[in-house]
Amino acid sequence: MTLADAVARRIVAGDLAPGTRLPTHRAFARQHGVAASTATRVYQELTRRGLIVGEVGRGTFVRAMRPATDPVLAEPTGLRVDLELNFPVQPEQRARLASSMATFIRAGGAANALGAGPSSAVADLATLLVRPGWRPDRVVLTGSGRQAIAAALATCARPGDRLGVEPLTYPVVKAIAARLGLTLVPLDMDDEGIVPERLRAVHRRTPLKAVYLQPDLHNPLGISVPPDRRAALAGALDACGVTVIEDAVYSFLTDAAAPLCDRSLVVDSLSKRVAPGLAVGLIGCSAAMERRVAAAVRSGAWTPSAFAAEVGAHWVRDGTVAAIVAEKRADAVRRHELVRSVLAGFDVIGDPRSYHCWWRLPARWRAETFVAAAARHGIAVTPGAAYAVQPNSTPNAVRLALSAPPLDTLTAALHTLRTLAEGSPDDEFS
Numbered sequence: 010m011t012l013a014d015a016v017a018r019r020i021v022a023g024d025l026a027p028g029t030r031l032p033t034h035r036a037f038a039r040q041h042g043v044a045a046s047t048a049t050r051v052y053q054e055l056t057r058r059g060l061i062v063g064e065v066g067r068g069t070f071v072r073a074m075r076p077a078t079d080p081v082l083a084e085p086t087g088l089r090v091d092l093e094l095n096f097p098v099q100p101e102q103r104a105r106l107a108s109s110m111a112t113f114i115r116a117g118g119a120a121n122a123l124g125a126g127p128s129s130a131v132a133d134l135a136t137l138l139v140r141p142g143w144r145p146d147r148v149v150l151t152g153s154g155r156q157a158i159a160a161a162l163a164t165c166a167r168p169g170d171r172l173g174v175e176p177l178t179y180p181v182v183k184a185i186a187a188r189l190g191l192t193l194v195p196l197d198m199d200d201e202g203i204v205p206e207r208l209r210a211v212h213r214r215t216p217l218k219a220v221y222l223q224p225d226l227h228n229p230l231g232i233s234v235p236p237d238r239r240a241a242l243a244g245a246l247d248a249c250g251v252t253v254i255e256d257a258v259y260s261f262l263t264d265a266a267a268p269l270c271d272r273s274l275v276v277d278s279l280s281k282r283v284a285p286g287l288a289v290g291l292i293g294c295s296a297a298m299e300r301r302v303a304a305a306v307r308s309g310a311w312t313p314s315a316f317a318a319e320v321g322a323h324w325v326r327d328g329t330v331a332a333i334v335a336e337k338r339a340d341a342v343r344r345h346e347l348v349r350s351v352l353a354g355f356d357v358i359g360d361p362r363s364y365h366c367w368w369r370l371p372a373r374w375r376a377e378t379f380v381a382a383a384a385r386h387g388i389a390v391t392p393g394a395a396y397a398v399q400p401n402s403t404p405n406a407v408r409l410a411l412s413a414p415p416l417d418t419l420t421a422a423l424h425t426l427r428t429l430a431e432g433s434p435d436d437e438f439s
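So the sequence shown is numbered by the working numbering: it starts at 10 and just counts up by one.
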């Protein structure tokens, strides 16, 4: 076992708690009887694994640990307050889903879902993508929302192609693009979304093959593109003639508008709308693109579980999904209002309907140091670097995911974070 593995085991086991300041490279080398260059490589490897963060002049700290697997219904574990993962679950949801599932089983739904006969799941689930004045020509199902994104990217781009994205984007998209050999091109963005004129300029200079956007409740910024900007952006996309992948995973919290263009692939899933254990993904597309999308799903082995699809369709038909969505909409507004109240005076942005927000930190704090300080108090938040497309353009901000903790726990955590932000790193780590 290497020295890096040994330290990693101590972090994972909790022997080195989140927020613990590690020795300097020289002190670490002396403690373990190794060369200073070896200590540097150990710290580099632990940083690569996401276990530690460091800042020049401040030190190196143990990061807050993510759970090994996503929680089935996102309940807090131990004393850790999770403001990293966003899997909203309502208190009454378990009972409602269990009752509906019992009806599904009694009606023979489970047996039918495990058979080889025709399925009506696609037609029922497709209704979730319907918007005022628009419904998808076709809907293709996948095993999860992430798989839907991967299939959409594989449909419209090939290795070496250029994919336009927001400069802060969903980290999974960065990983999928790397595996598919796509070059990410950050597009200029302001607080209303992508700047249409800059999109045109980028495309004229070196054409884009496709664009991946989050028009509704952008992750991590939590903002939504307003109607006037949507119209201008739609015009720019139409002029460029590129395929658009619209990530609509949070759109259930809003009154989403029609897609930006006829070439849009609208990606959604049931994990946040219903529960993370129901990870069925959806791709809404035109009839002309259906065969290509379906082929990408099959070749990537991204086909859905028939059982999960049938259960999801049953919950759509009997109104369970609609009831849960209504509860989550009210809950998201309530939690966002709480953030605005507790963090009043700080630079916090985000649509008031969103389950997450973006906090631009005071200049005296660096995001990684603030994350480490929060971890010392048992609170996990995500630094802006996790979303940055360009490593040299890392924002000094953190994303707060608001859905997991109970309201009283969230309130206490926000007050703790406020106290931290009002102080300084020297106060926290002296």
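Using N, Cα and C, we set each Cβ at its ideal position, and we do this for glycine too.
Between Arg427 and Phe316, the CB-CB gap reaches or exceeds 9 Å. When the alpha-carbon of Pro168 is set against those of Leu189, Val289, Ile388, Gln53, the nearest one is in Leu189. Using a Cβ distance threshold of 9 Å, Gly290 and Ser278 count as a contacting pair. Taking a contact as a CB-CB distance under 8 Å, the pair Asp197 and Arg207 counts as one, their CB atoms being some 4 Å apart. Here Gln53 is exposed: its Cβ has fewer than 16 other Cβ atoms, across all protein chains shown, within 10 Å. Under DSSP, Ala389 takes part in a beta bridge, and its partners are Asp91. Proximity to Ala303 across Pro32, Thr164, Arg30, Thr33 peaks at Thr164, based on C-alpha coordinates.
Secondary structure at Ser350: helix, using DSSP grouped into helix, strand and coil. In this structure, Ala384 lies away from Ala17, with their beta-carbon atoms at least 9 Å apart.
With contacts defined by Cβ atoms closer than 9 Å, Leu419 and Leu92 form a contacting pair.
The C-alpha of Phe438 lies about 18 Å from the C-alpha of Pro392. Scanning His323, Asp256, Ile292 for the CA closest to the CA of Trp311 turns up Ile292. Here Glu299 is not bridged, per DSSP, to any residue. Separation of Val71 and Phe37 (C-alpha to C-alpha, rounded to the nearest whole angstrom) is 14 Å. Every unbroken stretch of the beta strand (DSSP E) spanning 3 or more residues and falling wholly within the segment 230-265 is given here in chain order: 252-256.
Across the structure, Val283 and Ala382 are spaced so that their CA atoms are roughly 33 Å apart.
In this structure, the straight-line span from the alpha carbon of Gly154 to that of Pro145 is close to 17 Å. Given a length threshold of 4 residues, each whole run of the alpha helix (DSSP H) inside the segment 102-186 is given here in chain order: 102-115, 118-122, 130-135, 154-165. Nearest to Leu230 by C-alpha distance, out of Glu175, Ala267, Leu242, is Glu175. Here the alpha carbons of Cys366 and Gln99 stand approximately 20 Å from one another. Nearest to Val194 by alpha-carbon distance, out of Tyr221, Pro205, Gly202, is Tyr221. When Leu191, Thr11, Arg105, Ser295 are compared, the shortest CA-CA separation from Val148 is found for Ser295.
Within the same chain, Ala266 come within 8 Å of Pro236 by CB-CB distance, once the 5 residues on both sides are set aside. Taken atom to atom, the span from the alpha-carbon of Val51 to that of Gly42 is near 13 Å. Under the three-state reduction of DSSP, Phe96 is assigned to coil, being neither helix nor strand. Spanning the alpha carbons of Ala318 and Val131 requires a straight line of approximately 8 Å. In the structure shown, the three-state DSSP call for Phe70 is strand.
In the DSSP assignment, Thr192 is bridged to Arg171. Leu222 sits in a strand when the DSSP states are folded into three classes. Rounded to whole angstroms, Ile333 and Val325 show a C-alpha spacing of 10 Å. With a threshold of 16 other beta carbon atoms within 10 Å, Asn95 meets it and is buried.
In the three-state DSSP reduction, Gly63 falls in the strand class (E or B). Nearest to Ala160 by C-alpha distance, out of Leu137, Pro141, Ile254, is Ile254.
Counting only runs of 4 or more residues that sit fully inside the segment 297-348, the alpha helix (DSSP H) segments are 299-308, 315-326, in chain order. Beta-bridge pairing by DSSP links Trp374 to no other residue. Only buried fits His227, as 16 or more other CB atoms lie within 10 angstroms of its CB.
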